[in-house]
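Let me begin by presenting the structure, written as structure tokens, before commenting on it.
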């Protein structure tokens, strides 16, 4: 029984892992717009009762949080159709990656075709979702920055924060937004690199040869081996008769 080489095994295992991660990502993309607002309302039921001033300050913070969540939900609903369509494509891709990875690991010919197709779909999918993902991140970052600016206008005691502290917070917010964007783009580039290399590796003639079924030889016990000379047996009827002796 043939065994997949180490590089092919690694590609198959990573493909299966990417499929599993993609499944959770697709489920999150579908469930996010549905449960986001309900979860936010549930977390805002606890109101402090230690003093009227604390309750007033808390109610103000709750209103700011509600406005933040409302604006974020508006962005998610704006892109909901695109998000659901991408999630549906991603679920199909997840199945191709997992099934193709398992079959290719076992050197099944159908696994080779399925995994190559999955990698090509994955490349198109990652490029296709870049535009909505970038736009959603930029819109969400603007909403978050506005929320933080409103929150920094007053401290927990109801007094304005020092200008130096506000500037420092805005600086760190921009750094955090940039780092989040850079990490997201880096992850996309890593996936594109893996899918591209995986497609190239699977299309190599040597790799394709691993998935070709072994040639079956029909051994005939009565057939002579190659190179073996057969000696005809003497026929008793053809034997020369003995000459009579005088």
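Residue numbers (my numbering): 1130 to 1375. Positions of the beta carbon are idealized from the N, C-alpha and C atoms, including for glycine.
Quiz item: Does the pairing of the stretch 1130-1139 with the stretch 1190-1203 give three or more beta-carbon distances under 8 angstroms?
Solution: No, the stretch 1130-1139 is not in contact with the stretch 1190-1203.
Exercise. Just the C-alpha distance for residue 1277 and residue 1160, rounded to the nearest angstrom, thanks.
Key: In this structure, the alpha-carbon of residue 1277 lies about 26 angstroms from that of residue 1160.
Self-check item: Contacting residues, own chain, Cβ-Cβ under 7 angstroms from residue 1254 (five flanking each side not counted)
Solution: Excluding residues within five positions, the ones whose Cβ falls inside 7 angstroms are 1218, 1219, 1222.
Quiz item: Once you ignore the five residues that flank residue 1251 on each side, which residues in its own chain have a CB closer than 8 angstroms to its CB?
Solution: Here the set comprises 1147, 1222, 1226, 1320, 1324.
Quiz item: Comparing alpha-carbon positions, which option in 1228, 1232, 1298, 1303 lies nearest residue 1269?
Solution: Residue 1269 has its Cα closest to that of 1303, out of 1228, 1232, 1298, 1303.
Quiz item: By Cβ distance, which residues of its chain are closer than 7 angstroms to residue 1354, with the 5 residues on each side in sequence left out?
Solution: Its pLDDT being 49, under 50, residue 1354 is placed unreliably in this model, and the value from its coordinates should be taken loosely. Correct list: empty, nothing qualifies.
Exercise. Take residue 1275 as the anchor and find which of 1151, 1197, 1314, 1241 has the nearest alpha-carbon.
Key: Out of 1151, 1197, 1314, 1241, 1197 has the C-alpha closest to the C-alpha of residue 1275.
Quiz item: Which value, in whole angstroms, describes the spacing of the CA atoms of residue 1151 and residue 1193?
Solution: Going by the C-alpha atoms only, they are around 33 angstroms apart.
Exercise. Tell me, please, whether the CB atom of residue 1278 is closer than 9 angstroms to any CB atom in chain B?
Key: Within the model displayed, chain B is absent; a lone protein chain is all it includes.
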